[in-house]
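J.: Line by line, the protein sequences give chains E and C.
Every letter in the first sequence is one number past the one before it in numbering that gives the first Met the number 0, and letter 234, counting from 1, is 233.
Every letter in the second sequence is one number past the one before it in numbering that gives the first Met the number 0, and letter 51, counting from 1, is 50.
Protein chains: 2
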Amino acid sequence: MPILNAFYAQSGGVTSVINASACGVIETARKHPDRIGNVYAGRNGIIGALTEELIDTGAEPAEAIAALRSTPAGAFGSCRYKLKSLEENRREYERLIEVFKAHGIGYFFYNGGGDSADTCFKVSQLSQSLGYPLQAIHVPKTIDNDLPLTDCCPGFGSVAKYVAVSTLEASFDVRSMAATSTKVFVLEVMGRHAGWIAAAGGLVADHGIPVVVLFPEIEFDKARFLARVDELVKQHGYCSVVVSEGCHYPDGTFLAEQGTRDAFGHAQLGGAAPVVAQMVKEALGHKFHWAVADYLQRAARHIASATDVKQAYELGQRAVELALEGRNAVMPTIERTSDAPYAYRIGSAPLDAVANVEKPMPRDFISADGWGITDKCRRYLLPLIEGEDYPAYRNGLPVYATLRNVAVPRKLPAFELA
Amino acid sequence: MPILNAFYAQSGGVTSVINASACGVIETARKHPDRIGNVYAGRNGIIGALTEELIDTGAEPAEAIAALRSTPAGAFGSCRYKLKSLEENRREYERLIEVFKAHGIGYFFYNGGGDSADTCFKVSQLSQSLGYPLQAIHVPKTIDNDLPLTDCCPGFGSVAKYVAVSTLEASFDVRSMAATSTKVFVLEVMGRHAGWIAAAGGLVADHGIPVVVLFPEIEFDKARFLARVDELVKQHGYCSVVVSEGCHYPDGTFLAEQGTRDAFGHAQLGGAAPVVAQMVKEALGHKFHWAVADYLQRAARHIASATDVKQAYELGQRAVELALEGRNAVMPTIERTSDAPYAYRIGSAPLDAVANVEKPMPRDFISADGWGITDKCRRYLLPLIEGEDYPAYRNGLPVYATLRNVAVPRKLPAFELA
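(1) Quick check: the stretch 240-258 of chain C against the stretch 182-195 of chain C, are at least 3 beta-carbon pairs closer than 8 Å?
(2) Buried or exposed, going by whether 16 or more other CB atoms sit within 10 Å of the CB of L133 (chain C)?
(3) By DSSP, does C376 (chain E) sit in helix, in strand, or in coil?
(4) Could you check which residue in E:A222, E:F171, E:A178, E:V164 has the C-alpha nearest to that of A198 (chain E)?
(5) Any beta-carbon of chain C closer than 8 Å to the one on F184 (chain E)?
(6) Please check the pair P153 (chain E) and M330 (chain E), which I expect to be a contact at CB under 8 Å, by giving their CB distance rounded to whole angstroms.
(7) Cβ of F171 (chain E) less than 8 Å from any chain C Cβ?
(8) Between the Cα of H206 (chain C) and the Cα atoms of E:A417, E:L416, E:R393, which residue gives the shortest distance?
(9) So the alpha helix (DSSP H) Q234 (chain E) belongs to, where does it begin and stop?
(10) Relative to the C-alpha of P32 (chain C), which candidate in C:L323, C:A417, C:V211, C:P408 has its C-alpha closest?
(11) Could you round the C-beta distance between L3 (chain C) and G36 (chain C) to whole angstroms and report it? I think they count as a contact, below 8 Å.
(12) Would you mind working out which of E:D117, E:Y389, E:L402, E:I45 sits nearest T306 (chain E), comparing C-alpha positions?
(13) Using a Cβ cut-off of 9 Å, which residues of the stretch 377-393 of chain C contact any Cβ in chain E, in chain order?
(14) Jot down the residue ranges of each uninterrupted beta strand (DSSP E) in the stretch 142-191 of chain C, minimum 3 residues, whole runs only, in chain order.
(15) Does DSSP put T306 (chain C) in a helix, a strand or coil?
(16) How should S304 (chain E) be labelled, buried or exposed, when 16 other C-beta atoms within 10 angstroms of its C-beta is the threshold for buried?
(17) If the cut-off is 7 Å on Cβ atoms, which residues from the stretch 138-165 of chain E count as contacting chain C, listed in chain order?
(18) With E334 (chain C) as the anchor, note down where its beta strand (DSSP E) starts and where it stops.
(19) Under 8 Å between C-beta atoms, does P340 (chain E) make it to chain C?
(20) Nearest chain E C-beta to D293 (chain C) closer than 8 Å, yes or no?
(21) Who pairs with V210 (chain C) in a beta bridge, going by DSSP?
(22) Give the residues of chain C in contact with P71 (chain E), contact being defined as C-beta atoms less than 8 Å apart.
(23) Which class does D55 (chain C) belong to by DSSP, given the choice of helix, strand or coil?
(24) Between C:F108, C:F99, C:V210, C:A391, which lies nearest to A8 (chain C) when the distance is taken from Cα to Cα?
(25) Using DSSP's beta-bridge definition, name the partner residues of R393 (chain C).
(26) List the endpoints of the continuous beta strand (DSSP E) containing Q124 (chain C).
(27) In terms of residue numbering, what span does the alpha helix (DSSP H) encompassing P273 (chain E) cover?
(28) Strictly by DSSP, which residues pair up with Y7 (chain C)?
(29) Give the single residue among C:V173, C:T141, C:A159, C:F219 whose Cα lies nearest to the Cα of T14 (chain C).
(30) Go ahead and label K316 (chain E) buried or exposed: buried means 16 or more other beta carbons lie within 10 angstroms of its beta carbon, across all protein chains shown.
(31) Compute the Euclidean distance between the alpha carbons of A19 (chain E) and D338 (chain E), then round it to the nearest angstrom.
(32) Does the CB of M189 (chain C) have a neighbour CB from chain E at under 8 Å?
(33) Which two residues bound the contiguous beta strand (DSSP E) that contains A354 (chain C)?
(34) Does R403 (chain C) come out as helix, strand or coil in the three-state DSSP assignment?
(35) According to DSSP, what are the bridge partners of A417 (chain E)?
(36) Mind checking whether M278 (chain C) and L213 (chain C) have CB atoms under 8 Å apart?
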C-alpha cells in the first residue's frame, strides 16, 4: 500500500468539541504511519485547500494535538464556503485536485454539518468525475443536531448541557428575587430551524422550575404565551422562558424581527429575548431580565458534556479507520442502542443520503401544549448531557491550545477564489 | 450567658456564592449551641423579619445546610427593600423589635451590598435608639465589588471568572470564523457604576486575544472606539469587545439607551451589546455576534472561583464569631497581605464607615488608552478567579439544594408593609 497524506478541514459554525474530532483524526492517523503520511489541515476550512494554505499538523508535538481534545472552536480556522456543483464551478474542483496531487493527498476528512456534508460528497465523487483517486469521509459536527442517520451530532450535547445548566442557575436567581423584583427571566438560545437546543432548557422542569420553551416548531401565539406566563407566575411567583432564535409568528416573521428599530430605522438590532421580555412587561407588568447566550453556548468548553467530547473524538477516530478500510463518501454515525443505561455504537451512513437532508425535531418531543418537552425527549437528551469533562486551568482560566499552525510550503501558483 | 436565637437574611441581587456565606453562618452557629439557639432566616430578606415570615433553618439536616455551599442564588429569597431612617419610619423599627422579642432573637446577620450595609447599620443602632439589645453584623456580598474597607466582595470573584472564561471561549470562536464570517464579538456584562466586572474581560489579552473593554469609568467616544476596533481587526483579523452595561457617553446617556425603540416607541429594549455591534457593522462593515450574559454571570455556580467560595464561607463564619465576641455594627472583611502567592486575613470594619460608601475602581487599573487593564489590575484580579470549586452533578446537571424552608409559627398579628 502506498503512503498517502491526509487533508483535514473544519467547516461552518464551530463548536466546543470540533477540536476533539480533529484530535481523533490526527492521533489515529499518527498510529498508521505505514498508510498515512502527514495530516495537512486546511487553514480556514476548504478555502485552505483551494488557496493551498495548508497547515503542517506534523509540526505539532503529541501534547499539542492531545490538548485539542479540551480546546473549543476551530484550531485551524473554519469557513462558511459551499462548493458549487461540478457543472457550475469545474475550476474549483480542478484546483482541489492540483493541490491534492502536489501534496500527495489521498484522504479527505471534512468536519462539518449539512452544507459541509454536501461539499464532502461532491469531493468524494472526484475519483469518478475527474479521475483523481481520493477517499472522502465526513466527520459530523453541528450544534443544530440536524444531520440525518446519526442519533446525535457532536457539538449538540455540550450546547444542550450549557443551556440546561444556565437555565437552571438563572432560574434559581429569579426565584430568589421574585418577591420584590424580577419575576420573569428570558434566555435566548440558538437553533434557527429546529428546537433541539431550546428543548434542553425544558429539562429544568424536572427540578421544579416553571419554564416556558418557545420552539421554532410551534407558531408563536402571543395571547396564549402571555396567559401561560401569567399562570406560572401566579402559581410559582416567577417563571423562566427559553426562546429559540428561530421562534416565529404564523406568517414566518421571527420574533427577533418584531418592530425593533434603532434611531436610524434599522431593523433587528435586538434578539428574540428582549422582544419577549418587553411583551411580558407590557402585558403583565412584571419586572424582567433577559440574556442572549449566542457564541457563549457553543464555545463553552468549560462545561462540555463528557458524552459529547467522547463521541466527537470517536467519530474523528472512526473516520480515519473508515478511510483505511477503503471506504469513500461515508460519514461515521452514532447509533443509539439503549437510553438508560445509555449505550451506542459507531456506524456509518452514505454521504448522498446525508447531504442536504435536515433532521427535524419530532413533534412528539414537544409537549401537547407546546410549552415544554415530553418524556421521550427527556430520555433522548439526558444521556447527551451526561458527564463533565473539565479542561485544565492555570491562573484561573482554562488552558486552551493555540497551535503553531506552521504553513506547508507552497508548490503551486496562487488561486483566486471566485 | 443566655442562649439567644439568630436572624439571618439575604439582601439585594443574589450571587453564585451568597449561599456559601449562609452555610458559613449556619454551620458556625450550630457549633455554639451554648450561645446560639436557632438560626431563623428571613423569607425574602428583611421583609421576612417585618412580616414575621421566618424560616426555621433548624429543620434542615446538616447535609442540606452543607449543600448550600455549592448552590447559587438566595436559598431563603432575597429582596430589594431599604429601611428608611428611624425618624422617617419608626413603625418598621418597632415592628422589628417586636418580632425579635417574640422569637428570642439577639443576633442579626445581614448578607448584602452597600444598601444592605446601611440597613444593617440602622438595625445595629436599635440597642441605643430603642433600647433593644441586639448585635448586628453585616456579611458582605456584591458582584459589583464596590464595598469599601474590604479588598474584595464575595460574589465578585466568581463573576470575574465567568466573564474571563466566557470572553476567552467566545474569542476562540470568533477567531475561527473570522476569515469568511464573524469578525467582531461583543459581550455585555454587569456593572452599572464601576468597571470591576468588565475589567475581568481584559484578562484575556494575556492569552493573545485582541480585546477592547468599554468601562463605565471612561466616557464613550464612538470615533476612537471604531478606530480601535478597525486597528485590531486589521492586525489580528478579529477582535472581542467587552462592554459594561454602565458604559456611557460624556453626557451620561448609557449606550443601551441609544435610540433603540420598539414598534410602540418604547426605549431601551436592547442592551449595550447590540448597540455596539450595530455601530461596528455600520462603520466598518464587519459581521458581528453579540451576547448579553445578564443573570447567567452572577448565577454561574458551575464555574465559581474557589477563592470566592472559600471567602464567602469564611466571612459568614467570621460574622458569627464576631457576634460571639460581643461585637456590633461591624462587617468582616478581606485584608489582602500578598498578591503572589496570594494571602489574606479576615479583618473587620465598622459599619458606619461602610454604609453608603461606594468603592470605585482605581483609574490606574485601566490602561492609559482606556481599552484594557494594567498590570496592577491584573495582579489584583488573578487571585480572585483562582481555583475551581465544582458542584456535584446528577443526570448531567448540577445538584443544587432547594431547602424545605419550614415556616416558624407566627406569634404576632400581621403587619402591612408601607
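Ideal Cβ placement from N, Cα and C applies to all residues, glycine included.
Values in this document were obtained by computation on a predicted structure and should not be read as measured data.
T.: Taking the coordinates as given:
(1) Contact annotation: the stretch 182-195 of chain C touches the stretch 240-258 of chain C, with at least three C-beta pairs closer than 8 Å.
(2) Here L133 (chain C) is buried, its C-beta having at least 16 other C-beta atoms within 10 Å.
(3) Per DSSP, reduced to three states, the secondary structure at C376 (chain E) is helical.
(4) If we check each option's Cα against that of A198 (chain E), E:V164 comes out closest.
(5) F184 (chain E) counts as touching chain C.
(6) In fact, because the Cβ distance is near 11 Å, the residues do not count as touching under 8 Å.
(7) Among the residues facing chain C, F171 (chain E) is included, as its CB has a counterpart in that chain under 8 Å away.
(8) Taking only the C-alpha atoms, the option nearest H206 (chain C) is E:R393.
(9) Looking at the DSSP string, the run of the alpha helix (DSSP H) that includes Q234 (chain E) is 221-235.
(10) Cα-wise, what sits closest to P32 (chain C) is C:L323.
(11) 6 Å between Cβ atoms; contact.
(12) Among E:D117, E:Y389, E:L402, E:I45, the Cα nearest to that of T306 (chain E) belongs to E:Y389.
(13) Within the stretch 377-393 of chain C, the residues whose Cβ lies closer than 9 Å to any Cβ of chain E are, in chain order, L380, L381, P382, L383, I384, E385, G386, E387, Y389, Y392.
(14) Within the stretch 142-191 of chain C, the runs of beta strand (DSSP E) at least 3 residues long that lie entirely inside it are, in chain order, 183-188.
(15) Helix.
(16) So S304 (chain E) counts as buried.
(17) Near chain C, meaning a CB-to-CB distance below 7 Å, the residues of the stretch 138-165 of chain E are K160, A163, V164, S165.
(18) Unbroken beta strand (DSSP E) run through E334 (chain C): 329-337.
(19) Cβ-Cβ to chain C under 8 Å: no for P340 (chain E).
(20) In terms of beta-carbon proximity, D293 (chain C) lines the interface with chain E, with at least one pair separated by less than 8 Å.
(21) According to DSSP, residue pairing for V210 (chain C) in a beta bridge involves C:S239.
(22) For a Cβ distance threshold of 8 Å, residue set E168, F171, D172 of chain C lies close to P71 (chain E), ordered along the chain.
(23) Of the three classes helix, strand and coil, the one that applies to D55 (chain C) here is strand, per DSSP.
(24) Nearest C-alpha to A8 (chain C): C:F108.
(25) In DSSP, R393 (chain C) forms a bridge with C:L396.
(26) It is not in any beta strand (DSSP E) - Q124 (chain C) carries neither H nor E in the DSSP assignment.
(27) That run of the alpha helix (DSSP H) goes 271-283.
(28) DSSP links Y7 (chain C) through a beta bridge to C:A40, C:F108.
(29) Considering only C:V173, C:T141, C:A159, C:F219, the residue with the shortest C-alpha distance to T14 (chain C) is C:T141.
(30) The sequence given here has Gln at residue 316 (chain E), not Lys. Q316 (chain E) comes out buried.
(31) About 24 Å.
(32) Cβ-Cβ to chain E under 8 Å: no for M189 (chain C).
(33) A354 (chain C) -> no beta strand (DSSP E), and no H or E assigned at all.
(34) Look at R403 (chain C) here: in three-state DSSP terms it is coil, with no helix or strand label.
(35) When beta bridges are read from the DSSP output, A417 (chain E) appears opposite no residue.
(36) In this structure, L213 (chain C) does not lie closer than 8 Å to M278 (chain C) by Cβ.
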